[in-house]
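Down below is the structure, laid out as structure tokens.
Protein chains in written order, with this note's numbering: chain Z, 1 to 443; chain G, 444 to 555.
Here it is as structure tokens:
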């Protein structure tokens, strides 16, 4: 009985409302379905891009926690400060200079040089474009600014425990304002790499290889941590907080759904929605496979299931699939992640043997696996030669300009803390704080 | 009076404490220490690099007992802490010149 009343009541209300709506609009103006669809699509895609950007911003927390966990406790405060400050510096530099350099058009190799971020789309312009302007201009800026911050945060892990804080932030100014935007213009800004046919969907090259190249230049100029390589042996400096490292990795994994999923830039058509779903599935699969193969390899090789290698493995898979997460099927994507997980472990050991000190494995995760991911794109799209060209161009540009920048900073500000500061920990020297003051270590 | 200092494996603390309590001991001091004897250190691995931990964690128990109790307490400790493996520890017996209870000022065996 009650059911009947509810059903009839609802039907009555809906009918009345519909009649009112028709009465209200009839004679006033015709219902413009076309404009409504455009508005709806614009709203949906803008929302999607903004939320994806927020997820990518959350990756900053991931990097912060991961790196904080993998350094020694006497160096944790500086790395926390570096991570959160570089995010902030990136946002400002990209707002002032970077975005317009990257997306302001140009000659193909040389971008135009204009500043700030340009005006927002007007309603009239969006409607007139008939769907060709899919989302708000500022949403695009917000999404992209989180990417440049990601690229810069890759550097902080590689130079950890011995670089001066302010020199690092000065480098962040240069990378985020100029180095990254120029190579980003080449690909996503419509420059010569894009014209060539180079594929880098979400940034294995533009973001991850860029970060790794800048990090490599920095690490070569900086040198290893004191005591790391002595008498032909590699000294272990175990991380201080593995729960944070694991947490950071999981945060990055989740944030990556925004990184790869959001790079479709739209979700409001069936094709786009399907592509986004594929990106999510492939991103997840690659991470999972990378973690498993890294863990297995660690067990076979070192007879221990090294958690830190497993974490790096997941990230390696994520970086590798970032080059093209929508074209391969889920099996291939999982396979790409699996290979990345093996590559990253081998790379970490090899780089250490070359006496290049990378406390968190950033060069291996983002550099080696970024290159692998870009080349692996040719398994499902594009051409191997084009991919290789992109790799070489991005790496060469970023590495050389970074090397010059690091060298200049070394002369002007000094790159490295003193030996005594390094021994007692950079936290007290640079920030005047201890991360775990109740557990003061003796080293 | 004598002071007994026993270095034992950390997981043996509870059995030794209970055994001593059953034998009539009413107080002891416990500290976490590191050390090695024939056990030497052990190796750990981090990201493919091996490193040595030279010192093993141990527990030190300190008791003050009367001369007559020494042999009995040593046996009690040995009984509870022995695992028949290298690294079980050592017991040191030192002469104890004087004992004073802080609350009352009592001295000697009355203060034990």
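Think of the CB as a built atom: it goes at the ideal place given N, C-alpha and C, for glycine as much as any other residue.
It should be emphasised that the depicted structure is a prediction, and the values quoted were computed from it without experimental measurement.
Going by alpha carbons, who is nearest to residue 497 of chain G out of G:467, G:485 and G:506? Locating residue 497 of chain G in the second chain gives position 54, counting from the first residue. Put simply, of G:467, G:485 and G:506 the residue whose alpha carbon is nearest the alpha carbon of residue 497 of chain G is G:485.
On the CB-based measure, 16 or more other CB atoms within 10 Å of its CB, does residue 427 of chain Z come out buried or exposed? Here residue 427 of chain Z corresponds to residue number 427 of the first chain, with the count starting at 1. Its Cβ being crowded by 16 or more others within 10 Å, residue 427 of chain Z is buried.
Using a Cβ-Cβ cut-off of 7 Å (strictly less than) and excluding sequence neighbours within five positions of residue 443 of chain Z, which residues of its own chain qualify? Taking the first residue of the first chain as 1, we reach residue 443 of chain Z at position 443. Because residue 443 of chain Z carries a pLDDT of 45, less than 50, the predicted location of this residue cannot be relied on, and the following value inherits that uncertainty. So the list is empty, once near-sequence residues are dropped.
In whole angstroms, what is the alpha-carbon distance linking residue 187 of chain Z and residue 76 of chain Z? Taking the first residue of the first chain as position 1, residue 187 of chain Z is located at position 187. Taking the first residue of the first chain as position 1, residue 76 of chain Z is located at position 76. If you take the alpha carbons of residue 187 of chain Z and residue 76 of chain Z, they lie about 36 Å apart.
Starting from the C-beta of residue 96 of chain Z, find all residues in its chain whose C-beta is less than 8 Å away, skip the five residues before and the five after it, and write them out in chain order. Reading the first chain from its first residue, position 96 is the one you call residue 96 of chain Z. Around residue 96 of chain Z: 115, 116 and 177.
Beta-bridge partners of residue 506 of chain G, as assigned by DSSP: For this step, residue 506 of chain G is matched to residue 63 along the second chain. The partner list for residue 506 of chain G (beta bridge, DSSP) reads G:447.
Can you list the alpha helix (DSSP H) stretches of 4 or more residues lying completely in the stretch 346-412 of chain Z, in chain order? 369-376 and 384-412, all fully within the stretch 346-412 of chain Z.
Closer than 6 Å by C-beta to residue 191 of chain Z: which residues in its own chain qualify, once you throw out the five before and the five after it? Chain order, please. In the first chain, residue 191 of chain Z corresponds to position 191, counting from 1. Correct list, in chain order: 108 and 185.
Touch check for the stretch 411-431 of chain Z and the stretch 158-168 of chain Z: three-plus C-beta pairs under 8 Å? By the criterion of at least three beta-carbon pairs nearer than 8 Å, the stretch 411-431 of chain Z is in contact with the stretch 158-168 of chain Z.
N-terminal and C-terminal residue of the beta strand (DSSP E) that residue 486 of chain G is part of: Along the second chain, read from residue 1 onward, the residue named residue 486 of chain G stands at position 43. From DSSP, the beta strand (DSSP E) with residue 486 of chain G extends over 485-489.
Over what stretch of residues does the beta strand (DSSP E) that includes residue 534 of chain G continue unbroken? Indexing the second chain from 1 puts residue 534 of chain G at position 91. Segment 532-538, the beta strand (DSSP E) holding residue 534 of chain G.
For the candidate residues Z:266, Z:291 and Z:11, whose alpha-carbon lies nearest to that of residue 44 of chain Z? In the first chain, residue 44 of chain Z corresponds to position 44, counting from 1. Ranking the options by Cα distance to residue 44 of chain Z, first place goes to Z:266.
Other residues of its chain near residue 52 of chain Z: CB distance less than 7 Å, five sequence neighbours each side excluded: Position 52 of the first chain, counting from 1, holds the residue named residue 52 of chain Z. Hits under 7 Å: 143, 258, 261 and 262.
Going by Cα to Cα distance, which pick from Z:403, Z:239 and Z:7 is closest to residue 220 of chain Z? Numbered from its first residue, the first chain carries residue 220 of chain Z at position 220. Restricting attention to Z:403, Z:239 and Z:7, the CA atom closest to the CA of residue 220 of chain Z is found in Z:403.
Let me know if residue 362 of chain Z comes out buried or exposed under the rule of 16 or more other beta-carbons within 10 Å of its beta-carbon. Indexing the first chain from 1 puts residue 362 of chain Z at position 362. Classification of residue 362 of chain Z: buried, given that the 10 Å Cβ count is 16 or more.
Contact set between residue 238 of chain Z and chain G, taken where Cβ atoms lie within less than 9 Å: For this step, residue 238 of chain Z is matched to residue 238 along the first chain. Neighbours of residue 238 of chain Z on chain G, chain order: 487, 489, 490 and 494.
Which residues, in order along the stretch 304-327 of chain Z, keep a beta-carbon less than 7 Å from a beta-carbon of chain G? Going along the stretch 304-327 of chain Z in chain order, one finds 304, 306, 308 and 309 with a Cβ nearer than 7 Å to chain G.
Who are the neighbours of residue 230 of chain Z on chain G, taking C-beta pairs under 8 Å? As a working mapping, residue 230 of chain Z is identified with position 230 in the first chain. Per Cβ cutoff of 8 Å: no residues; residue 230 of chain Z is ~12 Å from chain G at best.
For a contact defined as C-beta to C-beta under 9 Å, what are the partners of residue 235 of chain Z on chain G? On the first chain, position 235 is the one that residue 235 of chain Z refers to. Think of a sphere of 9 Å around the beta carbon of residue 235 of chain Z: the chain G residues whose beta carbon falls inside it are 492 and 494, in chain order.
Anything in chain G within Cβ reach of residue 349 of chain Z, meaning under 7 Å, just list it in chain order. Taking the first residue of the first chain as position 1, residue 349 of chain Z is located at position 349. Identification of chain G residues near residue 349 of chain Z by a Cβ-Cβ cut-off of 7 Å yields 491, ordered along the chain.
Cβ closer than 9 Å: which chain G residues qualify as neighbours of residue 352 of chain Z? Counting from 1 along the first chain, the entry for residue 352 of chain Z is found at position 352. Under the 9 Å cutoff, chain G gives 490, 491 and 492.
For residue 400 of chain Z and residue 197 of chain Z, what's the separation of their Cα atoms in angstroms? The residue you call residue 400 of chain Z lines up with position 400 of the first chain. The residue you call residue 197 of chain Z lines up with position 197 of the first chain. C-alpha separation (whole angstroms): 24 Å.
Going by the beta-carbon positions, is the gap between residue 68 of chain Z and residue 341 of chain Z smaller than 9 Å? The count along the first chain starts at 1 and reaches residue 68 of chain Z at position 68. The count along the first chain starts at 1 and reaches residue 341 of chain Z at position 341. The answer is no: Cβ separation not under 9 Å.
Take residue 209 of chain Z and list the residues in its own chain whose beta-carbon comes closer than 8 Å to its own, dropping the five residues that flank it on each side. Against the first chain, residue 209 of chain Z aligns to sequence position 209. Non-local C-beta neighbours of residue 209 of chain Z in its own chain, meaning closer than 8 Å and more than five positions away in sequence, comprise 366, 367, 370, 371, 374, 391, 394, 395 and 398, ordered along the chain.
Residue ranges of each beta strand (DSSP E) within the stretch 453-501 of chain G, 3 or longer: Runs of the beta strand (DSSP E) inside the stretch 453-501 of chain G: 472-478, 485-489 and 492-496.
Start-to-end residues for the alpha helix (DSSP H) that takes in residue 121 of chain Z: Position 121 of the first chain, counted from the first residue, corresponds to residue 121 of chain Z. For residue 121 of chain Z, there is no enclosing alpha helix (DSSP H), as DSSP marks it with neither H nor E.
For the stretch 289-302 of chain Z, which residues have a beta carbon sitting closer than 9 Å to at least one beta carbon of chain G? Answer in chain order: 298, 301 and 302.
Apart from the five residues on each side of it in sequence, which residues of its chain come closer than 7 Å, Cβ to Cβ, to residue 293 of chain Z? Working through the first chain from its first residue, we reach residue 293 of chain Z at position 293. Apart from sequence neighbours up to five positions away, the residues of its chain that approach residue 293 of chain Z with a beta-carbon distance below 7 Å are 313, 338, 341 and 342, ordered along the chain.
Can you tell me whether residue 543 of chain G is helix, strand or coil according to DSSP? The residue labelled residue 543 of chain G in the question sits at position 100 within the second chain. In the structure shown, the three-state DSSP call for residue 543 of chain G is strand.
Residue 478 of chain G to residue 59 of chain Z, Cα distance in whole Å? Sequence index remark: in the second chain, residue 478 of chain G carries index 35 (1-based). Sequence index remark: in the first chain, residue 59 of chain Z carries index 59 (1-based). The alpha-carbon atoms of residue 478 of chain G and residue 59 of chain Z are separated by roughly 43 Å.
Going by DSSP in three states, residue 528 of chain G sits in which element: helix, strand or coil? As a first step, residue 528 of chain G is located in the second chain; it is residue number 85 there, counting from the start. It is coil, neither helix nor strand.
Checking contacts by CB at 9 Å: is residue 361 of chain Z closer than that to chain G? Here the question's residue 361 of chain Z lines up with position 361 in the first chain. At a cut-off of 9 Å, the C-beta of residue 361 of chain Z has a neighbouring C-beta in chain G.
Starting from residue 208 of chain Z, follow the alpha helix (DSSP H) in both directions and report where the run begins and ends. Locating residue 208 of chain Z in the first chain gives position 208, where the first residue counts as 1. For residue 208 of chain Z, no alpha helix (DSSP H) segment is defined, and its DSSP state is neither H nor E.
I'd like the list of long-range same chain contacts for residue 111 of chain Z, defined as Cβ closer than 8 Å, with 5 residues on each side in sequence excluded. The residue labelled residue 111 of chain Z in the question sits at position 111 within the first chain. 101, 102, 104, 105, 181, 182, 185, 189 and 191, listed in sequence order.
What residues in its chain sit with their C-beta under 6 Å from that of residue 476 of chain G, if we drop five residues either side in the sequence? As a first step, residue 476 of chain G is located in the second chain; it is residue number 33 there, counting from the start. Cβ within range, chain order: 501 and 503.
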